[in-house]
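No gaps in the numbering here: position 303 of the sequence shown is 318 in our numbering, and each next residue is one more.
For each residue, glycine too, the CB sits at the ideal point set by N, CA and C.
Bear in mind the structure is a predicted one, so any value in this text is a computation, not a measurement.
Data first, discussion second: the structure below is written as structure tokens.
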Amino acid sequence: MSILLKNTTYIDWNTLSFTHTDILVEEGLHGKLTLIDDSKSIQADTIIDCKGQFVTKSFAVGHHHAYSALSRGMPAPAKSPENFYEVLQYIWWNLDKKLDKEMVEASALATAVASAKAGSTFVIDHHASPNFIEGSLEIMAKAFEKVGVSHLLCYEITDRDGLDKAQAGLDETENYMKNHQALVGLHASFTVGDDTMKKSVDLMEKYDSGIHIHVAEDGYDQDHSLEHYGKRVVNRLQDFGVLDSSKTILGHCLHLDSAEKELINHSKAYIVQNTESNLNNNVGYFNAEALGNRIILGTDGMYSDMLRSAQAAFFVGQGFDTITYPSSYERFRNVHRYLAQNAFTGDGANNLVVLDYDTPTEMNANNFLGHFIFGLRASHVKHVLSNGELIVKNGLLQKVDETEIQAFTKEQGKRLWERL
């Protein structure tokens with residue numbers, strides 16, 4: 016199958032060069048993208064006129080929590096949290112314990128739908144459902160694939176619900192990794208003891224994978240590590256070998272000292288920044304100084320809109336970070352470099368987004384970054400191609416019935432809220 020995008024303005028995501036061209040897109044994980052000067056003789060299964068529109072590589076979410084998708088509008092917690100630990104205890108750990116099979120499926124479907132409609136064709140997710148662990152990742156994978164979104168999943172292994180649940184998380188991870196690309200998920204240093212940490216790193220090495228973990232999101236993580244292990248969080252992870260894999264993703268990284276930053280900078284690991292989640296939890300501000308350039312952007316489950324994530328990182332970063340116009344776009348696109356470097360599939364050249372960007376001023380190679388920060392919105396996403404397949408056309412999902420999915424997610428949302 017093939018799709019011909021006619022009369023496009025193609026923006027190369029690496030060079031930001033603009034080319035007026037037709038584009039032939041082949042379907043499949045390894046499908047090609049070809050720019051064509053004259054497409055009159057080209058035969059394609061589908062032809063879409065993109066006159067006046069911009070085509071570029073689709074987006075990808077560097078850190079998501081699909082399990083939180085049904086939280087919007089949920090009942091208030093039993094106690095108003097007074098610190099980050101209580102935010103986890105009374106909100107997110109309360110919610111994830113209530114999830115069952117249907118809720119996990121609904122959460123993944125809602126996340127895949129929102130991601131696709133916001134232009135993302137790949138999601139790196141960090142999942143938790145302590146009372147429904149076995150088979151949870153497979154259910155999520157099928158939900159993402161139903162919508163047409165590629166994925167890199169992990170289960171959040173933790174000791175916080177007991178060592179039996181930690182082992183169940185390890186077992187679910189290994190069972191899933193036998194047939195899927197995946198990461199080994201850990202919650203955070205302060206809920207993962209040495210034995211579970213060692214088993215997780217052993218699993219990482221066995222399947223040539225990486226660790227996906229929250230790091231120093233709040234000062235509590237550092238205080239706990241110093242008190243229980245006599246070392247700071249990054250030093251602890253370094254000693255276990257977590258930083259030795261280029262597939263490792265370190266979430267947040269807010270409360271680091273200079274020595275920890277140097278360790279990360281000289282390691283192979285990537286960092287994922289989640290600005291609005293940090294604001295929501297009042298845990299601090301990201302600063303990339305001395306951390307290197309292996310920084311990607313995520314949403315931490317707040318939403319699925321990566322343009323919004325990049326713009327938030329830029330605006331908030333003006334007072335706290337080293338971020339610039341070029342580096343905001345670099346962080347936005349580094350997720351593709353992470354996926355390519357580590358040979359993860361599902362993010363090839365035939366993943367595209369068509370933007371119907373009704374700008375009142377010209378957009379070109381010289382001023383694109385200004386439009387990227389101040390103009391582009393998820394509402395400008397018109398068509399989305401995932402692995403060469405049209406999954407969003409004229410803003411509408413093509414592989415699934417969105418009305419049907421919304422009815423299902425609302426039903427499961429009500430069930431979840433009743434349990435809360």
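In the displayed model, glutamate 189 falls within a helix according to three-state DSSP. Under the three-state reduction of DSSP, aspartate 210 is assigned to helix.
In the three-state reduction of the DSSP assignment, histidine 281 falls in the coil class. Residues Met317, Ala327 of the same chain have their beta carbon placed closer than 6 Å to that of glutamate 291, with the five preceding and five following residues left out of the count.
Rounded to whole angstroms, valine 331 and glycine 428 show a C-alpha spacing of 32 Å. Leaving aside the five residues that flank leucine 185 on each side, the residues in its chain whose CB is nearer than 8 Å to its CB run, in chain order, Ile172, Thr211, Lys214, Ser215, Leu218. By the criterion of a C-beta distance shorter than 6 Å, threonine 360 is surrounded in its chain by Leu44, once the five residues flanking it on both sides are discounted. 9 Å or more divides the Cβ of glycine 245 from the Cβ of isoleucine 228.
According to the DSSP assignment, asparagine 22 belongs to the beta strand (DSSP E) that extends over 17 to 26. Secondary structure at histidine 80: coil, using DSSP grouped into helix, strand and coil.
A residue is called buried once 16 or more other Cβ atoms fall within 10 Å of its Cβ, and tyrosine 170 is buried on that count. Cβ-Cβ distances below 8 Å link valine 102 to Pro96, Asn296 in the same chain, with the five nearest sequence neighbours on each side left out; the list follows chain order. Given a length threshold of 4 residues, each whole run of the alpha helix (DSSP H) inside the region 368 to 397 is given here in chain order: 383 to 389.
The alpha-carbon separation between phenylalanine 423 and alanine 156 amounts to approximately 17 Å.
Per DSSP, serine 130 is one residue of the alpha helix (DSSP H) stretching across 116 to 132. In this structure, isoleucine 286 keeps its C-beta atom at 9 Å or more from the C-beta atom of arginine 251. Segment contact: the region 201 to 208 against the region 230 to 237, three or more CB-CB distances shorter than 8 Å; contact assigned.
In the assembly as shown, phenylalanine 159 is a buried residue. Its beta-carbon has 16 or more other beta-carbons within 10 Å. Ranked by how close their Cα comes to the Cα of alanine 143, the residues Leu278, Thr126, Glu153, Trp108 have Trp108 in first place. Inclusion of phenylalanine 387 and alanine 325 in the CB contact set at 9 Å is warranted, their separation being smaller than that value. Under the three-state reduction of DSSP, aspartate 217 is assigned to helix. Linking asparagine 29 to leucine 48 through their CA atoms gives a straight-line distance of about 15 Å. Counting C-beta pairs closer than 8 Å gives fewer than three between the region 333 to 340 and the region 356 to 370, which falls short of the contact rule.
When rounded, the separation of the alpha-carbon atoms in lysine 21 and leucine 278 is 48 Å. Beta-carbon to beta-carbon, glycine 403 and glutamate 42 are separated by about 4 Å, close enough to satisfy the 8 Å threshold. With 16 or more other CB atoms across the displayed protein chains lying within 10 angstroms of its CB, glycine 313 is buried. In this model, glutamate 220 and alanine 380 are separated by some 43 Å (Cα to Cα). Taking 9 Å as the cut-off, the Cβ atoms of histidine 398 and lysine 414 do not count as close.
The region 42 to 90 contains, as complete beta strand (DSSP E) runs of 3+ residues, the segments 48 to 51, 61 to 64, 69 to 72, 74 to 79 (chain order). Judged by DSSP in its simplified three-state form, phenylalanine 99 adopts helix. The three-state reading of DSSP puts serine 261 in coil, since its state is none of H, G, I, E or B. Cβ contact annotation for valine 128 (same chain, cutoff 7 Å, sequence separation greater than five): Val162, Leu412, Glu417, Ile420, in chain order. Per DSSP, serine 165 is not a residue of any alpha helix (DSSP H); the beta strand (DSSP E) it occupies stretches across 165 to 167. Unbroken alpha helix (DSSP H) runs of no fewer than 4 residues, entirely contained in the region 269 to 324, are found at 273 to 280, 290 to 296, following chain order. Straight through space, the alpha carbons of valine 368 and glutamine 68 are spaced by roughly 10 Å.
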